[in-house]
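Numbering (my numbering), first residue to last: 110 to 221.
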């Protein structure tokens, strides 16, 4: 394993730790019970579970001898899961993102 791969593995592990600290700090502000109620509300239950599982998976894979490409793919999946989970707190957020991609607006933005 070369230095750049090890550096990116360390970054992925520290990124996961940072996300866990952010979740815990929100829990400190809201209280653990209210935090868990909001996280596992029926509209975001699946997104939250996938996000938390990916946090744990990326952390374990980044610290073990899992191939580098798998760690990076899992890391990108974790970022997408975090985005999907975060926009669930915005009213109609998921609907806006889906319509943005469905209408092809994302492609139109890059053409002009």
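Backbone N, C-alpha and C fix where the C-beta goes; we use that ideal spot for every residue, glycine too.
For this session: Put residue 197 into one of helix, strand or coil per three-state DSSP.
Result: The sequence position of residue 197 within the chain shown is 88, counting from 1. If DSSP states are grouped into helix, strand and coil, residue 197 belongs with coil.
Problem set entry | Exposure label - residue 167; buried when at least 16 CB within 10 Å | In the chain shown, counting from the first residue as 1, residue 167 sits at position 58. Its Cβ being crowded by 16 or more others within 10 Å, residue 167 is buried.
Exercise. Going by the CB atoms, is the gap between residue 156 and residue 131 shorter than 9 Å?
Worked result: If you number the chain shown from 1, residue 131 lands on position 22. If you number the chain shown from 1, residue 156 lands on position 47. No, the Cβ-Cβ distance between residue 131 and residue 156 is not below 9 Å.
For this session: Return the CA-CA distance between residue 188 and residue 128, expressed in angstroms with no decimal places.
Result: Numbered from 1 along the chain shown, position 79 holds the residue referred to as residue 188. Numbered from 1 along the chain shown, position 19 holds the residue referred to as residue 128. Rounded to whole angstroms, residue 188 to residue 128 spans 10 Å at the Cα level.
For this session: Out of 143, 169, 177, 152, state which residue places its alpha-carbon closest to the alpha-carbon of residue 123.
Result: As a position in the chain shown, residue 123 is number 14, starting the count at 1. The shortest C-alpha separation from residue 123 is found at 169.
For this session: Check whether the stretch 143-160 touches the stretch 191-206, taking contact to mean three or more Cβ pairs, one atom from each stretch, closer than 8 Å.
Result: yes
Exercise. First and last residue of the alpha helix (DSSP H) that includes residue 137?
Worked result: Taking the first residue of the chain shown as position 1, residue 137 is located at position 28. 112-139 is the span of the alpha helix (DSSP H), which, as asked, contains residue 137.
Exercise. Apart from the five residues on each side of it in sequence, which residues of its chain come closer than 7 Å, Cβ to Cβ, to residue 183?
Worked result: As a working mapping, residue 183 is identified with position 74 in the chain shown. For residue 183, where only same-chain residues beyond five positions count, the Cβ hits under 7 Å are 163, 166, 167, 170.
For this session: Would you tell me roughly how many angstroms separate the C-alpha atoms of residue 203 and residue 149, rounded to the nearest one?
Result: As a working note, residue 203 is residue 94 in the chain shown. As a working note, residue 149 is residue 40 in the chain shown. Going by the C-alpha atoms only, they are around 17 Å apart.
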